[in-house]
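K.L.:
Letter by letter, the sequence shown follows residues 62 to 257 of my numbering. The C-beta atom is built at its ideal place from N, Cα and C for all residues, glycine as well. One structure is given below, represented as structure tokens, and several questions about it will come after.
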Amino acid sequence: MAHIDNDASTSSKRAEKTVRVFSNADGEKSARAKLDSVRFDVTFVENGATVGLAFDELSAEVQRAAALYGIMTSVTNTVGAKGLSVQEMVDNAEARLEVIRGGLWSSESKVGARTSDYVEALIRVFTAKGRAPDEAQVASWKARLASDEAYRTAVEADVKIQAAVAAIRSERAQAKLAEAAEKAKGAEDTNLDALA
Numbered sequence: 062m063a064h065i066d067n068d069a070s071t072s073s074k075r076a077e078k079t080v081r082v083f084s085n086a087d088g089e090k091s092a093r094a095k096l097d098s099v100r101f102d103v104t105f106v107e108n109g110a111t112v113g114l115a116f117d118e119l120s121a122e123v124q125r126a127a128a129l130y131g132i133m134t135s136v137t138n139t140v141g142a143k144g145l146s147v148q149e150m151v152d153n154a155e156a157r158l159e160v161i162r163g164g165l166w167s168s169e170s171k172v173g174a175r176t177s178d179y180v181e182a183l184i185r186v187f188t189a190k191g192r193a194p195d196e197a198q199v200a201s202w203k204a205r206l207a208s209d210e211a212y213r214t215a216v217e218a219d220v221k222i223q224a225a226v227a228a229i230r231s232e233r234a235q236a237k238l239a240e241a242a243e244k245a246k247g248a249e250d251t252n253l254d255a256l257a
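Structure, rendered in structure tokens:
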């Protein structure tokens with residue numbers, strides 16, 4: 062259950078260095094920070110020494126700085142996969158921020174379409190089949206996508222939903238392209254000599 066950091070050395074077998082554990086107020090432990098986590102502990106495998114910190118030991122200013130650093134790290138972690146286009150990196154970062162703004166944290170490692178993209182895709186697919194959803198259904202989808210991992214996985218795996226999400230992303234990219242082209246129309250000519 063605990064996360065184990067690996068040695069970054071060049072040896073073929075990576076040695077376990079630390080075990081990181083987060084705990085809630087009841088002492089329940091998890092490998093990832095959760096919304097009810099109140100402390101962390103790091104145990105050094107080689108000698109068993111443990112260091113840790115309870116969140117309430119920190120001043121409000123340090124809590125805020127640490128939270129912002131953690132959020133920034135979480136967002137930038139979504140853009141590190143090889144082969145991503147710049148737009149895919151932006152989409153992943155925006156999707157991660159949407160998850161955080163929606164009140165979730167532990168789904169950090171998931172990247173992909175935004176929850177709002179899945180909701181819009183569901184609306185499109187259901188509407189195309191003559192079953193336009195009402196506001197209650199849309200609210201239910203949002204809640205389930207945020208809280209039910211099995212449901213989200215099923216939605217993500219559906220080929221009709223995938224096609225709708227691809228269309229939504231394409232429309233967003235086209236809108237950004239049109240906006241950039243419009244800005245370029247009124248801009249002064251590029252000084253090629255200055256950029257050479």
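1) With the cut-off set at 9 angstroms, would you say E159 and R175 are in Cβ contact?
2) Starting from the C-beta of V103, find all residues in its chain whose C-beta is less than 6 angstroms away, skip the five residues before and the five after it, and write them out in chain order.
3) Rounded to a whole number of angstroms, what is the C-alpha to C-alpha distance between V140 and M150?
4) Just curious, the alpha helix (DSSP H) that A115 is in, first and last residue?
5) What distance in whole Å lies between the Cβ atoms of A234 and G163, which are believed to be in contact at a cut-off of 8 angstroms?
6) To the nearest angstrom, report how far apart A228 and A154 are at their CA atoms.
7) Have a look at the DSSP bridge pairing and note the partners of E196.
8) Using the Cβ count rule (16 or more neighbours within 10 Å means buried), how would you classify L183?
9) Roughly how many angstroms lie between the CA atoms of A261 and I132, to the nearest whole one?
10) At what residues does the beta strand (DSSP E) containing D219 begin and finish?
P.N.:
So, from the listed chains and residues:
1) E159 is a Cβ neighbour of R175, given a cutoff of 9 angstroms.
2) T79, R81 and V112
3) 5 angstroms
4) For A115, there is no enclosing alpha helix (DSSP H); the residue is found in the beta strand (DSSP E) stretching over T111 to A115.
5) Actually they do not touch by this definition, with Cβ atoms about 23 angstroms apart.
6) Taking the straight line joining both Cα atoms gives about 19 angstroms.
7) Paired residue(s): none; E196 is not in a bridge.
8) When all chains shown are included, L183 counts as buried.
9) Residue 261 falls outside the range modelled here, since the chain spans only 62 to 257, and no answer is possible.
10) Taken as a continuous stretch (DSSP letters only), D219 belongs to no beta strand (DSSP E), as it is neither H nor E.
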